[in-house]
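In what follows, a single structure is set out as structure tokens and then discussed.
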Amino acid sequence: MLRGYGPRGVILFSRNIENPAQLAELVVYLRAALPAGAVLMVDQEGGRVARLRPPHWPALPAAATLKTAEEAFEHGRALGAMAREAGFDVAAAPVLDLRYAFADAVIGDRAISSDPQTVATLGGEMARGIMAARVIPVMKHLPGHGRAMTDSHLSLPRIATADLEADFYPFIANNALPWAMTAHIVYEQIDAELPATISPKVIRDVIRRRIGFAGTLISDDLAMAALTGTPAERAKAALAAGCDIALYCAGDMAGNLAILEAVNHAE
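According to our numbering, the sequence shown holds residues 52 to 318 in order.
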């Protein structure tokens with residue numbers, strides 16, 4: 052499949068990782084099968100979101116424990132070094148969403164703070180630490196997941212407020228970072244129908260123009276229950292809306308093949 056369709060890369064999860072020796076062997080096979088320039092990605096933040104875990108890899112704390120720019124940079128550098136040594140090019144961190152007490156716990160302590168300036172500063176330092184280890188960081192989830200009252204893994208959140216400037220701020224402050232990830236959320240005052248990942252209006256008017264992000268935009272996991280349609284329909288919708296990469300994390304061969312065939316046929 053990888054040789055035949057040449058995807059932009061592969062993301063690995065805990066199900067793919069047993070120990071350093073097994074992972075190193077898998078990385079060799081993946082590198083051989085993928086096209087030149089393809090990336091290997093891991094969803095690694097610290098705290099609850101960690102695919103490289105003890106006893107084989109050190110545990111990193113949740114982002115909410117970080118209090119200073121120095122701590123954030125060192126957190127990022129440790130995360131990046133761990134990912135790099137394991138064979139990865141891209142790490143899906145930092146989370147630049149704000150922490151809201153009223154919101155669903157899916158973000159929770161993954162967020163650095165409820166204060167936009169603190170998130171912007173410490174999140175930027177974490178990203179710089181990751182890049183210091185020669186790994187690409189992915190800021191998430193644009194244009195802001197913090198207010199969501201439901202978990203987008205399970206259902207489609209809707210945010211009704213029109214005042215999202217605080218949520219946008221950490222992303223605006225870090226809009227020169229190389230990669231970013233969308234949110235599967237309907238922002239009703241921007242696009243009342245479509246979640247950001249598949250909304251041309253949100254991507255064009257907010258992510259690209261208002262936030263000013265010009266880098267590589269990757270969808271959140273298209274297998275999440277917030278979205279509807281077949282895997283291929285979801286991928287085509289995300290790419291048509293303005294995402295550069297469609298990320299599908301279910302790990303099922305049928306879904307992978309359907310997406311790759313549809314995208315290759317479209318091209």
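All C-beta atoms in this analysis are idealised placements derived from N, C-alpha and C, irrespective of residue type, glycine included. From a predicted model like this one, the values you see are computed outputs, not experimental measurements.
CB of residue i within 8 Å of CB of residue j, strictly
| i | j | result |
| --- | --- | --- |
| Leu290 | Ala297 | yes |
| Leu85 | Gly55 | no |
| Leu173 | Pro194 | no |
| Ala75 | Gly131 | no |
| Gly180 | Phe219 | no |
| Arg161 | Arg104 | no |
| Met275 | Ala143 | no |
| Leu53 | Asn67 | no |
| Glu239 | Ala217 | no |
| Pro229 | Leu278 | no |
| Leu111 | Ala120 | no |
Contact belief for residue i with residue j at Cβ below 8 Å, rounded distance in angstroms
| i | j | result |
| --- | --- | --- |
| Asp272 | Cys300 | 4 Å |
| Ile223 | Gly197 | So it is not a contact: roughly 15 Å between Cβ atoms. |
| Ala286 | Val253 | No, Ala286 and Val253 are not in contact; Cβ-Cβ is about 17 Å, not under 8 Å. |
| Val146 | Met92 | At roughly 16 Å, the Cβ-Cβ gap does not stay under 8 Å, so Val146 and Met92 are not in contact. |
| Gly97 | Ala113 | 6 Å |
| Pro208 | Val170 | Incorrect: roughly 19 Å between the Cβ atoms, too far for contact. |
| His192 | Asp148 | 6 Å |
| Ala154 | Ala199 | 6 Å |
Assigned secondary structure, residue i (DSSP; H/G/I helix, E/B strand, else coil)
| i | result |
| --- | --- |
| His196 | coil |
| Pro290 | The identity of residue 290 in the sequence shown is Leu, whereas the question assumes Pro. In the structure shown, Leu290 sits in a helix (DSSP, three-state: H, G or I). |
| Met190 | strand |
| Met329 | Because the chain is modelled from 52 through 318, residue 329 falls outside the range shown and cannot be assessed. |
| Met133 | helix |
| Gly98 | coil |
| Ile269 | strand |
| Ile262 | coil |
| Gly55 | helix |
| Ile310 | helix |
| Leu91 | strand |
| Gly127 | helix |
From the options, residue whose alpha carbon lies closest to that of residue i
| i | options | result |
| --- | --- | --- |
| Ala156 | Leu205, Glu244 and Ala286 | Leu205 |
| Val186 | Met133, Val170, Leu111 and Ala154 | Met133 |
| Val90 | Ile62, Gly306 and Ala113 | Ile62 |
| Asp256 | Tyr80, Ala292 and Ala274 | Ala292 |
| Met190 | Met177, Val314 and Ala110 | Met177 |
| Tyr151 | Thr201, Leu278, Val78 and Val141 | Thr201 |
| Gly302 | Phe64, Arg209 and Leu53 | Phe64 |
| Ile21 | Ala243, Gln240 and His235 | For residue 21 there is no data in the structure shown, the boundaries of the chain being 52 and 318. |
| Gly88 | Trp108, Gly57, Gln168 and Pro109 | Gly57 |
| Ala184 | Asn226, Ala199, His192 and Glu136 | Glu136 |
Near the ligand NAD: residue i beta-carbon under 7 Å from a heavy atom
| i | result |
| --- | --- |
| Gln168 | Within the structure as shown, the ligand NAD is missing, as the structure has no ligands at all. |
- Message: Quick check for students: name the residue ranges of the beta strand (DSSP E) that lie wholly in the stretch 179 to 255, counting only runs of 3 or more.
- Response: 187 to 193 and 230 to 233
- Query: Which full runs of the alpha helix (DSSP H) of 4+ residues lie inside the stretch 140 to 184, going along the chain?
  - Reply: 167 to 183
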